[in-house]
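Each remark here refers to the structure printed beneath this line.
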Amino acid sequence: MNHPDPAGTPGYDPTAYRAVFESRFTYWAGFERNTHRYARSRAMHDPASGRDWTYAELGAEVERLAAGLAASGVRAGDLVAYQLFNTPEFALLYLATQRLGAIGSPINFRLAPGETAHVLSTGRPRAFVYDTAVAENAARALSLADHAPELVVHVPSGSAGDAPLPGSVAFGDVLERGQGAAPLPAPDGGVYAETTRLYTSGTTGMPKGVPLNNATEVLSAHDVIMHFPLSPEDRTLNMTPWFHRGGLYAGGPNPVFYIGGETVPLRHFDADTVLDLVQERGITFLIGAPTNLERLADAQESAARDLSSLRGIVTMGAPLDRAACLRYQRVLTERIFNGYGTTEAFWNTFLRPADLPDHAGSAGRASTDDDVAVVKVHEDRRAAPGDLAAKDGQEIGEVIVRSPKSGYGYTGRPDEEAANFRDGWLYIGDLATWDEDEYVTIVGRRDDMILSGGENVHPVQVEEVLGEHPGVADSAVVGLPDPEWGQLVTAYVVRKDPALTVADCEKHCRAHPMLAAYKRPRAYRFVDALPTTATGKKIHYQLREQVAADAAAGLIERVTR
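Under our numbering, the final residue of the sequence shown carries the number 584; numbering is consecutive throughout.
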């Protein structure tokens, strides 16, 4: 038998594969396949209007919107910022920007006007779309920003008292501009083109842009499809705002439209409404924060619904303690999941039903495509990826992750990018332990970030606002553990004016243009001095350790509503 000479056999040439992969491994290609593969399947149901979209209908409406944006001056590579609730318009924009080859940028509708202005000034979007429910704040943001979007579009909130800004274009009119337009050229940015820019809090508390590309879009969808798992027969309702990574990507539009399932947008979370939708629509997955699950359990115990269609409830934002986990399994469904991650890299550990209740309180183990490690904490430097904390469940280290779901950057923030992304790893800043089976348990933050109701609150920003009050000499802001919100924003204040009250501080913070409502302190304690280092830096961790005891002793005064 003659054997080929190995020396004369040509090596594998990946050129053809690379050409297909780099041009077709895109989110839009995945969605477009579903417009004919699942043409008659339902893609979205809007409870507010009762309207349904099949994949064929959704695809056609996305084409019209993309053409309408193009007719209004938006081009490939342009940024389209949108400050919307969980509505069909949000889903349409998420898809239409990718169809056009533009960059979609969902903005937190809870931001203060000054914070939104910062996003507009730094992102410089060609178009800005807002819900009329936030029109007043949108107007202030536009007036404060040093960039004026060429196209300003409004989505009606449905409330009679919410009026659009003068000169803004109705969302329906943009759709109308695309009616009958010639087909747009196919997006040609390829696998590495930026598709979405999310915003997360920086070290100053101001939002910083997290760019995501087509590969991160597709791999995020794949991750959810694997871990739930998610199928074309599933119907999901994500109870958290879609502008979050966990809202848009964890059972929100991203994985659902990619797999060919059905999503149900809900403008505002209401526990009874959610349970009714599960019973009436056969929802198979609910996704939310622990606060959502607590309210669902209360509502279900008050008036039981048929939840037999549920294949799982996925929670994010905080670990599940054992007692809460057992309650949710008893009242809602036995299949409880918990994901842990960041805006930068989506979730990177996952706790499955089989892990519960034994591992309740932990964040689970690394997701399928991710590397997760807990490294030592050094006073003078960040540890190298191989400088691991002991896998004994005792030594506290910093969580680092390496994930293809990360965009590996911040828009226009090279210093923070260099600090947080190193050698392919993201240094999250969370402190944790891990055990011999690599279950990770989060114990706190390397920095002083507060997580309240699923939102990041940086103490420095709140302290700066408080410091502008003439009656405040100094302040330190920490999180008070709270069963409903996770942490309650709490301010220790040194008075300059002895007559200063909690009501005075609340009035000042409420009126400040640079402080979102969710960042306002909800509790205060007036003190004579703050703990500081020899160089005058505030020692937040001492107050974090003290605040629960102060609350138990009745020393914390809560803001009255």
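No residue lacks a Cβ here, since even glycine has one placed at the ideal position from N, Cα and C.
Just so we're clear, the structure is a prediction, and the values are computed from it rather than from any experiment.
Checklist line | Outcome for S331 when other beta-carbon atoms lying within 10 angstroms are tallied against a minimum of 16 | finding: Looking up residue 331 in the sequence shown gives position 308. Looking at its Cβ environment, which holds fewer than 16 other Cβ atoms inside 10 Å, S331 is exposed.
Notebook entry, point to check: Pick from F308, L538, Y215 and V422: whose alpha carbon is nearest that of L489?
Noted result: Translated into positions along the sequence shown, residue 489 becomes position 466. It is L538 whose Cα lies nearest to the Cα of L489.
Margin query: Only counting the same chain, and skipping five residues up and downstream in sequence, which positions put a Cβ closer than 6 Å to that of T219?
Written below: In the sequence shown, counting from the first residue as 1, residue 219 sits at position 196. G127 and L235.
Checklist line | Cβ-based burial, Y35 [other Cβ within 10 Å; buried from 16] | finding: Walking along the sequence shown from the start, residue 35 turns up at place 12. Exposed: under 16 other Cβ atoms inside 10 Å.
Notebook entry, point to check: Under 8 Å from any heavy atom of the ligand FMN, does the C-beta of R445 make it?
Noted result: Absent from the structure shown: the ligand FMN. Ligands present: none.
Check: Are V582 and R545 close, meaning C-beta to C-beta below 9 Å?
Finding: As a working note, residue 582 is residue 559 in the sequence shown. As a working note, residue 545 is residue 522 in the sequence shown. The answer is yes: Cβ separation under 9 Å.
Checklist line | Helix, strand or coil at W51 according to DSSP, with G and I counted as helix | finding: By one-based count along the sequence shown, residue 51 stands at place 28. W51: helix per DSSP, three-state reduction.
Check: Span of the beta strand (DSSP E) holding G384?
Finding: Stepping through the sequence shown from its first residue, residue 384 is reached at position 361. Neither: G384 is in no beta strand (DSSP E) and is coded neither H nor E.
Check: Can you tell me whether DSSP reads T145 as helix, strand or coil?
Finding: Here residue 145 is taken as the residue at index 122 of the sequence shown, counted from 1. Helix at T145.
Checklist line | Span separating the alpha-carbon of S325 from that of G577 | finding: Start at 1 with the first residue of the sequence shown, and residue 325 comes out as number 302. Start at 1 with the first residue of the sequence shown, and residue 577 comes out as number 554. Taking the straight line from one Cα to the other gives about 32 Å.
Next item on the list: May I ask which residues mark the beginning and end of the alpha helix (DSSP H) holding F113?
Entry: On the sequence shown, position 90 is the one that residue 113 refers to. That run of the alpha helix (DSSP H) goes P111 to L123.
Note to self: Short of 7 Å in beta carbon distance, which residues of its chain neighbour V398, apart from the five on each side in sequence? Order them along the chain.
What the structure shows: By one-based count along the sequence shown, residue 398 stands at place 375. Contacts found: A406, P408, D410, L411, A412, G420, E421 and I423.
Check: Alpha carbon to alpha carbon, what distance is there between V192 and A204?
Finding: Walking along the sequence shown from the start, residue 204 turns up at place 181. Walking along the sequence shown from the start, residue 192 turns up at place 169. Each residue's alpha carbon lies about 19 Å from the other.
Notebook entry, point to check: Going by beta carbon distance, what residues of the same chain come within less than 6 Å of W508, once the five residues before and after it are set aside?
Noted result: Taking the sequence shown and counting its residues from 1, the one referred to as residue 508 is at position 485. Closer than 6 Å at the Cβ level, and outside the excluded window around W508, lie S475 and G476.
Note to self: Just verifying my parser: in three-state terms, what is the DSSP assignment at G502?
What the structure shows: Taking the first residue of the sequence shown as 1, we reach residue 502 at position 479. The answer is strand: DSSP assigns G502 an E or B state.
Next item on the list: Look up A396 in the DSSP assignment and give the residues it is bridged to.
Entry: The residue you call residue 396 lines up with position 373 of the sequence shown. I423, per the DSSP bridge assignment.
Notebook entry, point to check: Quick one: Cα of R47 to Cα of A575, how far?
Noted result: Counted from its first residue, the sequence shown places residue 47 at position 24. Counted from its first residue, the sequence shown places residue 575 at position 552. The alpha-carbon atoms of R47 and A575 are separated by roughly 58 Å.
Item checked: C-alpha gap between V337 and V495, whole angstroms -> In the sequence shown, counting from the first residue as 1, residue 337 sits at position 314. In the sequence shown, counting from the first residue as 1, residue 495 sits at position 472. So the two alpha carbons sit approximately 43 Å from each other.
Item checked: Spatial distance of T110 from D69 (CA atoms) -> For this step, residue 110 is matched to residue 87 along the sequence shown. For this step, residue 69 is matched to residue 46 along the sequence shown. Cα-Cα distance, rounded: 8 Å.
Item checked: Separation of V103 from P187, as counted between CA atoms -> The residue given as residue 187 occupies position 164 in the sequence shown. The residue given as residue 103 occupies position 80 in the sequence shown. Looking at the two C-alpha atoms, the distance is approximately 18 Å.
Checklist line | Buried/exposed call for V43, threshold 16 Cβ in 10 Å | finding: As a first step, residue 43 must be located in the sequence shown, where it is residue number 20. When all chains shown are included, V43 counts as exposed.
Next item on the list: Please report the residue range of the alpha helix (DSSP H) in which P278 lies.
Entry: Counting from 1 along the sequence shown, the entry for residue 278 is found at position 255. Here the alpha helix (DSSP H) through P278 covers P276 to I282.
Margin query: Whole angstroms are fine: how far does the CA of F292 sit from the CA of V354?
Written below: Position 331 of the sequence shown, counting from 1, holds the residue named residue 354. Position 269 of the sequence shown, counting from 1, holds the residue named residue 292. Cα-Cα distance, rounded: 19 Å.
Next item on the list: Reducing DSSP to helix, strand and coil, say where G430 ends up.
Entry: Residue 430 sits at position 407 when you count from the first residue of the sequence shown. It is coil, neither helix nor strand.
Note to self: Rounded to the nearest angstrom, what separates P33 and Y215 at their Cα positions?
What the structure shows: For the purposes of this step, residue 33 is taken as residue 10 along the sequence shown, with counting starting at 1. For the purposes of this step, residue 215 is taken as residue 192 along the sequence shown, with counting starting at 1. Their backbone Cα atoms lie some 30 Å apart in a straight line.
Notebook entry, point to check: Using the rule of at least 16 other Cβ atoms within 10 Å of the residue's Cβ for burial, across every protein chain shown, is R567 buried or exposed?
Noted result: Residue numbering aside, residue 567 sits at position 544 when the sequence shown is read from its first letter. With 16 or more Cβ atoms within 10 Å of its Cβ, R567 is classed as buried.
Margin query: By alpha-carbon positions, which one of P493, T120 and A499 ends up nearest to P521?
Written below: Sequence index remark: in the sequence shown, residue 521 carries index 498 (1-based). For P521, the nearest C-alpha among the options comes from P493.
Next item on the list: Determine, using beta carbons only, whether D101 comes closer than 9 Å to chain C.
Entry: Considering every chain present, this structure includes no chain C. It has just one protein chain.
Item checked: Reduced DSSP category for F549 - H, G, I as helix; E, B as strand; rest coil -> For the purposes of this step, residue 549 is taken as residue 526 along the sequence shown, with counting starting at 1. Correct three-state label for F549: strand.
Check: Is DSSP giving A7 helix, strand or coil here?
Finding: Residue 7 lies beyond the stretch modelled for the chain, which goes from 24 to 584, so this question has no answer here.
Check: Which one or two residues does DSSP pair with G311 in a beta bridge?
Finding: Numbered from 1 along the sequence shown, position 288 holds the residue referred to as residue 311. Partner(s): T338.
Check: Hey, how far is the Cα of Y50 from the Cα of R63?
Finding: Along the sequence shown, one-based indexing puts residue 50 at 27. Along the sequence shown, one-based indexing puts residue 63 at 40. Taking the straight line from one Cα to the other gives about 20 Å.
Note to self: Between the alpha carbons of R445 and A125, how many angstroms are there, rounded?
What the structure shows: On the sequence shown, residue 445 is found 422 positions in, with the first residue counted as 1. On the sequence shown, residue 125 is found 102 positions in, with the first residue counted as 1. About 29 Å.
Check: With 16 as the cutoff for other CB atoms within 10 Å, does G232 come out buried or exposed?
Finding: Along the sequence shown, one-based indexing puts residue 232 at 209. Label assigned to G232: buried.
Notebook entry, point to check: Can you list, in chain order, the residues of its chain whose CB lies under 8 Å from that of Q417, leaving out five sequence neighbours each side?
Noted result: In the sequence shown, residue 417 corresponds to position 394, counting from 1. Here the set comprises T456.
Notebook entry, point to check: On the three-state DSSP scale, how would you describe R133?
Noted result: Within the sequence shown, residue 133 is the residue found at index 110, counting from 1. Three-state result, R133: coil.
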